[in-house]
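Protein chains: 4
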Amino acid sequence: MAYQHTAHVRVRYAETDQMGVVYHANYLVWMEVARTGLCTEMGFRYKDMEKDKVLLAVTEATCRYLSAAKYDDEITVTATMTEANRRFCAFDYEITCDGRKIATGQTRHIFLSPELRPVRLPDKYAPMFGLS
Amino acid sequence: MAYQHTAHVRVRYAETDQMGVVYHANYLVWMEVARTGLCTEMGFRYKDMEKDKVLLAVTEATCRYLSAAKYDDEITVTATMTEANRRFCAFDYEITCDGRKIATGQTRHIFLSPELRPVRLPDKYAPMFGLS
Amino acid sequence: MAYQHTAHVRVRYAETDQMGVVYHANYLVWMEVARTGLCTEMGFRYKDMEKDKVLLAVTEATCRYLSAAKYDDEITVTATMTEANRRFCAFDYEITCDGRKIATGQTRHIFLSPELRPVRLPDKYAPMFGLS
Amino acid sequence: MAYQHTAHVRVRYAETDQMGVVYHANYLVWMEVARTGLCTEMGFRYKDMEKDKVLLAVTEATCRYLSAAKYDDEITVTATMTEANRRFCAFDYEITCDGRKIATGQTRHIFLSPELRPVRLPDKYAPMFGLS
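Protein chains in written order, with the numbering used here: chain A, 1 to 132; chain B, 1001 to 1132; chain C, 2001 to 2132; chain D, 3001 to 3132.
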């Protein structure tokens, strides 16, 4: 079981802005793409966890932009789980383009019910988050 | 009861692309903004119709682009209901900037249940769509 | 030289809306992803054509939605060039999910200068569009 | 001259996700809307500063999410300039809905040339940032 996953995205024209680079909010979407892949690697499809009535809601997101990403660039996003308990988890991200680091980020999450109330991570999922 | 509504949006930086103009898919979002306002003018909040388990799903969308919209432009979007029955409705859109027509569009919709099955528009809403 | 290209996208959480399906405007973004891939298959990178001061601006876009796409679905988008001359070109799209057709679309485009004035497609690119 | 501006946005359907709330990356777009308004209040249109070849590029963005925003909610976003010198500036954001604080955020920026190289803020703009 791995707590790290690397996703690949190619920059879409829709993701650029008139500065000629990727609009900064889109990096958070790429982090989500890597996080979805990481869930799969941790042993579950995130969409199935939602069907089990456990949502992974973002409580904090940060991104530091070191260098611009441009249209049609091949981007790699590595997501790493850095913390987890039955209420909460956190991830780090490293975003690179052609081997050069262009951004780093973090997200923090809580588990919520579909009614958006905090819930404990069910036993079924605990081992996948490295919890007993 | 009006079947026409004009909404105003100011172009966001996020909506531009590296061509220096608004990315074309965002016009469909502006149409949705005007459609939401039109629902209010027709006598209901669209979010309440969803709570009543009736969704207005898009089955077709078209946009013709006549002239570019740019960052910080003041855009007006006029939505007009052009057809409606208990299963289906359709809207026309005219998008202008500084009095100049920059795009026209159409959307067609069906009424769906939250399970995404076709439903008849409930009696409660029929008069608001001009139906008896 | 092919005038058809099939791209693969996995539905992002960001692309869904509260109906639980992909927000309709995002299909136009997927068409753009397939169109970018088609340009590569036609013999050029679209970003290089922009560096050569030729922009492919959308003048019309249509999408017909047959069935919903959902989060984490694997989507295929096939773009086919249907018309081209020195001023204009057009593409058809077929979007499928698990072998089932979920949408079809068309876009029409004109060639523009970076100042957004119509230009003739340069000789260099004509053969790639099947033009002499 | 004010270094604070409050913008109002109504949540668009496009901004929601299948959790039934606003997708978290869109808060960064709302911050940008408030920042654009703040520039105007500081005495310049940001689009004119770009014409003067000075871009305000994001180097860091953070958002803490306290409570969900939903479709059709009326959101207020207050942007406050917290730091500025000739190379750099920073903003704080408070996002509320019906008087309730739903998120806070920060962004940090550097001034760039259109070629994306760091530049000093020109004298013309210095007083507008409270600099002499």
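C-beta: ideal position from N, C-alpha, C; glycine also. Given the structure is predicted, the values throughout are model-derived calculations rather than measurements.
Buried/exposed call for residue i, threshold 16 Cβ in 10 Å
| i | result |
| --- | --- |
| A:D48 | exposed |
| B:G1105 | buried |
| D:E3074 | exposed |
| D:R3012 | buried |
| A:G130 | exposed |
Distance CB(residue i)-CB(residue j) smaller than 9 Å
| i | j | result |
| --- | --- | --- |
| C:L2116 | B:G1020 | yes |
| D:A3002 | D:M3031 | no |
| B:A1061 | C:N2026 | no |
| A:T80 | A:Y71 | no |
| C:T2078 | C:I2095 | yes |
CA-to-CA distance, residue j to residue i, given in whole angstroms
| i | j | result |
| --- | --- | --- |
| C:P2118 | B:S1067 | 12 Å |
| D:R3100 | D:T3076 | 10 Å |
| B:R1108 | A:D17 | 30 Å |
| B:A1069 | B:Y1023 | 9 Å |
| D:E3083 | C:R2087 | 50 Å |
| A:L111 | A:R45 | The question names Leu, but residue 111 of chain A in the sequence shown is Phe. Going from the Cα of A:F111 to the Cα of A:R45 covers about 15 Å. |
| B:H1005 | B:C1097 | 16 Å |
| D:A3034 | D:H3008 | 8 Å |
| C:Y2065 | D:V3058 | 37 Å |
| A:M128 | A:C39 | 9 Å |
| A:P122 | A:G37 | 20 Å |
| D:S3132 | D:Y3125 | 10 Å |
| A:C63 | A:E15 | 16 Å |
| D:S3113 | D:N3085 | 16 Å |
| A:L56 | A:E50 | 8 Å |
| B:R1010 | A:R120 | 42 Å |
| D:C3089 | D:K3053 | 17 Å |
| D:F3091 | A:F91 | 25 Å |
Where residue i sits in the DSSP three-state scheme
| i | result |
| --- | --- |
| A:R35 | helix |
| A:P114 | coil |
| B:E1017 | Contrary to the premise, residue 1017 of chain B reads as Asp rather than Glu in this sequence. DSSP places B:D1017 in coil when its eight states are reduced to three. |
| D:D3150 | Residue 3150 of chain D falls outside the range modelled here, since chain D spans only 3001 to 3132, and no answer is possible. |
| C:Y2065 | strand |
| C:V2058 | strand |
| A:V119 | coil |
| C:Y2027 | helix |
| A:A126 | helix |
Neighbour flag for residue i against chain E, beta carbons, 9 Å
| i | result |
| --- | --- |
| C:C2063 | You won't find chain E in this structure, because its protein chains are A, B, C and D. |
Proximity test, residue i beta-carbon vs the ligand HEM heavy atom, cut-off 8 Å
| i | result |
| --- | --- |
| D:K3124 | By its list of ligands, the structure shown contains no ligand whatsoever, and the ligand HEM lies outside what it can speak to. |
- Looking at chain B, which residues of the stretch 3013-3027 of chain D have a Cβ within less than 8 Å of any of its Cβ atoms? For the stretch 3013-3027 of chain D, residues whose beta-carbon sits nearer than 8 Å to a beta-carbon of chain B comprise Y3013 and A3014.
- Residues of the stretch 2066-2094 of chain C whose Cβ lies closer than 7 Å to any Cβ of chain A, in chain order: Of all residues in the stretch 2066-2094 of chain C, Y2071 and D2072 have a Cβ within less than 7 Å of some Cβ in chain A.
- Task: Closer than 8 Å, Cβ to Cβ, to anything on chain D: give me those residues from the stretch 1030-1041 of chain B, in chain order.
- Result: Here the close residues are E1032, V1033 and T1036.
- Give, in chain order, every residue of the stretch 3045-3062 of chain D whose Cβ lies closer than 9 Å to some Cβ of chain B. Per Cβ criterion, the list reads R3045, Y3046, K3047 and E3050.
- Query: Of the residues that make up the stretch 2093-2125 of chain C, which ones have a beta carbon closer than 7 Å to any beta carbon in chain B?
  - Reply: From the stretch 2093-2125 of chain C, only L2116 have a Cβ closer than 7 Å to chain B.
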